[in-house]
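Asks: This is the structure I want to talk about, given as C-alpha cells.
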Amino acid sequence: MKDTFTHQGLRKKLVETLQKKGIMNKEVLLAISKIPRHLFMDSSFVAHAYADKAFPIAADQTISHPYTVARQTELLDVKKGGKVLEIGTGSGYQTAVLLELGLKVYSIERQNELFKKTKLFLPKIGYRAKQLIFGDGYIGYKSEAPYDGIVVTAGAPFVPKPLLAQLKVGARLVIPVGDASQIMTVFTRTSETEFEKETFGEFKFVPLLEDKN
Ligand code: SAH
Numbered sequence: 004m005k006d007t008f009t010h011q012g013l014r015k016k017l018v019e020t021l022q023k024k025g026i027m028n029k030e031v032l033l034a035i036s037k038i039p040r041h042l043f044m045d046s047s048f049v050a051h052a053y054a055d056k057a058f059p060i061a062a063d064q065t066i067s068h069p070y071t072v073a074r075q076t077e078l079l080d081v082k083k084g085g086k087v088l089e090i091g092t093g094s095g096y097q098t099a100v101l102l103e104l105g106l107k108v109y110s111i112e113r114q115n116e117l118f119k120k121t122k123l124f125l126p127k128i129g130y131r132a133k134q135l136i137f138g139d140g141y142i143g144y145k146s147e148a149p150y151d152g153i154v155v156t157a158g159a160p161f162v163p164k165p166l167l168a169q170l171k172v173g174a175r176l177v178i179p180v181g182d183a184s185q186i187m188t189v190f191t192r193t194s195e196t197e198f199e200k201e202t203f204g205e206f207k208f209v210p211l212l213e214d215k216n
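In this note's numbering, the protein residues as written are 4 to 216.
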C-alpha cells in the first residue's frame, strides 16, 4: 500500500479544486491533503481517486465525492476532541477525515461485508476510530450518546428521531434528506426540546436503507 509523490501532487490539485468549489475550512482541506484516498478504492479505480467524483466500493455502495465529504465535515463544525457519530462507514474515508480532525469517532455500517473490510483496513493505515459498529443507523448508537455532532452519509427518506435525541444541546445533525436526490439539512439542537433547521442545497447519495431491505 503505497502513497507516492504523484499521489500527493494529485491531492494538492484536489484541494485546490475543493477551494474553488467553496470549501474554506483549513483543517478539512488539510485532512484531505493528507489522506491517501486511492487506498480506499478498488484498484481498478485508483487512477481516478483524486478526481472530485464518487466511485463504487463493495456491496453496491459508493465512496462519496470529496466535495461532499468536505462540505458535510465543514457543516458538522465540531471542535477537536469532540465525540461524533457517523452513519454509513462505507469505505471509511469520511471516518478518516473526522479522525484527522482529532475527533473521537463512532461509526455505524449495516452492510456486513463493508463493515468487516473497513474495520480491518482503517487501523492498517493508522486510523483508529473509537468504535466501528455493525448495525442500523436509523437507531443511532445510544450507549455512547449524547454526541457533539452526527453525520449521515446516505440519503435519508426522513429524519430519524433517535438521531436528534442523541445530540448534545448546541450540537448538529448533518443529514441529506430526500429520495431520488437529497437536500443537505442541518439540525442544531438549541435546547432539550428545540431544534433549528437549515438547508444547504441538493446532493445525490445512495439510500439510507431500512432494516428489511
Ligand atoms: N462515509 C462513506 C460513504 C459510504 S455510502 C464513505 O466515505 O465511503 C453510504 C453507506 O451507508 C454505505 O456503506 C451503506 O451501506 C451505508 N448504509 C445504508 N443504510 C444504512 C443504515 N441504515 N445504517 C448504517 N449504514 C447504512
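Note that the Cβ used here is the ideal one computed from N, Cα and C, for glycine as well.
Just so you know, these numbers come straight off a predicted model, no measurement behind them.
Among residues of its own chain, excluding the 5 on either side of Glu199, which ones have a beta-carbon nearer than 6 Å to its beta-carbon?
Replies: Around Glu199: Thr191 and Thr193.
Asks: Out of Ala50, Gln22 and Lys29, which one is the CA nearest neighbour of Asp6?
Replies: Minimum Cα distance to Asp6 is reached at Ala50.
Asks: Do the CB positions of Ile90 and Val177 come within less than 7 Å of each other?
Replies: It is not a contact, given that the beta carbons lie outside the stated cut-off.
Asks: Would you tell me roughly how many angstroms separate the C-alpha atoms of Pro160 and Gly181, rounded to the nearest one?
Replies: About 5 Å.
Asks: Decide yes or no for the touch test of the segment 135-147 against the segment 34-46: beta carbon pairs closer than 8 Å, at least 3 of them.
Replies: With the cut-off at 8 Å, the segment 135-147 and the segment 34-46 do not touch.
Asks: So, Ile66 versus Ser94, is the Cβ gap smaller than 7 Å?
Replies: Yes.
Asks: What are the partner residues of Ala159, as DSSP defines its beta bridges?
Replies: Answer is Val180, bridged to Ala159.
Asks: Val209 and Ala157 - do their beta-carbons sit closer together than 7 Å?
Replies: Yes; because the gap between Cβ atoms is below 7 Å, this pair is in contact.
Asks: Measuring straight from C-alpha to C-alpha, what distance separates Glu197 and Val162?
Replies: Answer to the nearest angstrom: the Cα atoms are 15 Å apart.
Asks: For a test of the three-state rule: what should DSSP assign to Asn216, helix, strand or coil?
Replies: Annotation note: pLDDT 47 at Asn216 (below 50); position unreliable, coordinate value reported separately. Asn216: coil per DSSP, three-state reduction.
Asks: So, for Gly152: in the same chain, excluding its five sequence neighbours on each side, which residues have a beta-carbon less than 6 Å away from its beta-carbon?
Replies: Counting only Cβ-Cβ distances below 6 Å, and skipping sequence neighbours, we find Leu79, Val81, Val87, Ala174 and Arg175.
Asks: Which residue's Cα is closest to the Cα of Ala73: Ala61, Pro126 and Lys24?
Replies: Comparing Cα positions, the closest option is Lys24.
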